[in-house]
Amino acid sequence: MVRMRLAATLAVALAVALALAAPAATGVEFTAEDMESDDSLWALYERWGARYEVARDAGDKLRRFGTFKDTVRRVYAAHPGDRHYVLGLNVFADMTADEFRAGFACERPADGIDAGGERYFNITPEAVGDEPPDAVDWRTRNCSGGPCVSKVKRQGDCGSCWAFAAAAAVESLNAIKGDTGLIDLSPQELVDCCDRENSGCTGGFAVKAFEYILDNDGLASLATYPYTARQGACEAADKVPAYHDAIDGYERVPSFHNARLMSAVDAQPVVVAIDAEHQSFVDYPGGVYRGPCGHSLNHEMLLVGYGSTGTTFDDVGFWILKNSYGENWGEKGYMRLLRDGETDLGTCGILMDANYPTLEV
């Protein structure tokens, strides 16, 4: 009897610990009861609108209610019985797919990258350290007495994910290597000024942003070159870089290898490209995302760590990704993406194209 009580106590303690350790999902959670009628769905829509402070006129609200209902049913049907996925609704729940693509899609130019000017370096676990640790999360580490990762930002009506990912990677690198702490850098300068195979608000590559930062000895701060969500005239000549000599190069993580990407992100946050085209990515409210997704790389994010759910019978590994859709998407702007996918490409192609800036001090 004592053993049974002790086992029960330990089980409860473990469940509480796991619940406390789990990231807080941003989405408005719902159940099957919320889907029983149009009245219950309308009540859910009202609750969703209040949560995200969404104001619609009566006609627009009624029109979008149909889209909202489709989203609820799609999210409910997509992950039956998956206890590592949150059944919830994010800020985009009443936005059509066309509206989302017009405002948030972040394509990478179809003609690809001219690799002539790139510098690559084959990372191995031994090059960075011994075997990578079981878990890494740069959000919880300390850099010069402050954070190592800046707050999640919102790219808005501009396909500038590449600029946000590049700026965030350089921010974290300088916070880790330097002694001045974390300074928010300007994605807008990259959108306006970095035109080498990049297309401003219609897509680009973080590695080309790294080349721009190299050639210009740094990047302005967000405070001095604020974000406007549209491409304008380059004003870099009037700005002082926040970090002089912010990077001295950039390197690529060898493709198709979980352990090497784990070792790379143990040293610093890394820019990764993934396939974010599927509607389920847009819908993501929290939990471990498994897809569905392909491997056509069309979105860039900042990889800040990895871990696992720690559950006894179905332990699931995941990557921790910082997005640029604002804090009302996913887990306060972050996504946990399934690690150890079924293909060498990684879930949604995450193992195909990963890069990071370098700085020797």
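Numbering-wise (full-length UniProt numbering), the sequence shown opens with residue 1 and increments by one.
C-beta atoms are modelled at their ideal positions from N, C-alpha and C, and glycine is treated no differently.
DSSP three-state assignment for residue i, whether helix, strand or coil
{"i": "V12", "result": "Residue confidence for V12 is low, a pLDDT of 36 falling below 50, so the modelled location carries little weight and cannot support an answer."}
{"i": "I320", "result": "strand"}
{"i": "C158", "result": "coil"}
{"i": "T339", "result": "The amino acid occupying residue 339 in the given sequence is Arg; Thr does not appear at that position. Coil."}
{"i": "L261", "result": "helix"}
{"i": "A175", "result": "helix"}
{"i": "A97", "result": "helix"}
{"i": "P187", "result": "helix"}
{"i": "V170", "result": "helix"}
{"i": "residue 404", "result": "This structure leaves residue 404 out entirely; the chain is present only between 1 and 361."}
{"i": "A229", "result": "coil"}
{"i": "T311", "result": "coil"}
{"i": "E331", "result": "strand"}
{"i": "C143", "result": "strand"}
{"i": "G326", "result": "coil"}
{"i": "D34", "result": "helix"}
{"i": "A220", "result": "strand"}
{"i": "S150", "result": "coil"}
{"i": "D245", "result": "coil"}
{"i": "D238", "result": "helix"}
{"i": "residue 383", "result": "Lying outside 1 to 361, the shown extent of the chain, residue 383 is not represented and no answer is given."}
{"i": "G103", "result": "helix"}
CB of residue i within 7 Å of CB of residue j, strictly
{"i": "A135", "j": "G307", "result": "yes"}
{"i": "G27", "j": "P292", "result": "no"}
{"i": "K332", "j": "V304", "result": "no"}
{"i": "L185", "j": "E171", "result": "yes"}
{"i": "S280", "j": "F164", "result": "no"}
{"i": "G218", "j": "G181", "result": "no"}
{"i": "F256", "j": "P357", "result": "no"}
{"i": "A169", "j": "V86", "result": "no"}
{"i": "F205", "j": "W162", "result": "yes"}
{"i": "L345", "j": "H295", "result": "yes"}
{"i": "A93", "j": "W42", "result": "no"}
{"i": "S263", "j": "A242", "result": "no"}
{"i": "G156", "j": "A229", "result": "yes"}
{"i": "R139", "j": "V149", "result": "yes"}
{"i": "L297", "j": "P269", "result": "no"}
{"i": "V253", "j": "A102", "result": "no"}
{"i": "G88", "j": "E29", "result": "yes"}
{"i": "L173", "j": "L359", "result": "yes"}
{"i": "G287", "j": "H84", "result": "yes"}
{"i": "residue 365", "j": "N258", "result": "This structure gives no information on residue 365, because the portion of the chain shown stretches from 1 to 361."}
{"i": "C106", "j": "H299", "result": "yes"}
{"i": "R64", "j": "G326", "result": "no"}
Bounding residues of the alpha helix (DSSP H) (the contiguous stretch that carries residue i)
{"i": "G291", "result": "No alpha helix (DSSP H) contains G291, which DSSP labels as neither H nor E."}
{"i": "G49", "result": "D38 to Y52"}
{"i": "R63", "result": "A58 to A78"}
{"i": "V282", "result": "Q279 to D283"}
Element boundaries [beta strand (DSSP E), containing residue i]
{"i": "V207", "result": "First-last for V207: A206 to D215, but that is the alpha helix (DSSP H), not the beta strand (DSSP E)."}
{"i": "E300", "result": "H299 to S308"}
{"i": "I274", "result": "V270 to I274"}
{"i": "G249", "result": "G249 to V253"}
{"i": "P357", "result": "A354 to T358"}
7 Å Cβ cutoff, residue i in contact with chain C
{"i": "A77", "result": "Considering every chain present, this structure includes no chain C. It has just one protein chain."}
Integer-rounded CB distance, given that residue j should sit under 8 Å from residue i
{"i": "C201", "j": "Q231", "result": "5 Å"}
{"i": "I274", "j": "I350", "result": "5 Å"}
{"i": "T67", "j": "M95", "result": "7 Å"}
{"i": "D283", "j": "T71", "result": "6 Å"}
{"i": "G159", "j": "G203", "result": "5 Å"}
{"i": "Y289", "j": "R339", "result": "In fact, because the Cβ distance is near 11 Å, the residues do not count as touching under 8 Å."}
{"i": "D192", "j": "C234", "result": "5 Å"}
{"i": "I320", "j": "D82", "result": "So it is not a contact: roughly 18 Å between Cβ atoms."}
{"i": "Y227", "j": "P187", "result": "6 Å"}
{"i": "K239", "j": "Y225", "result": "5 Å"}
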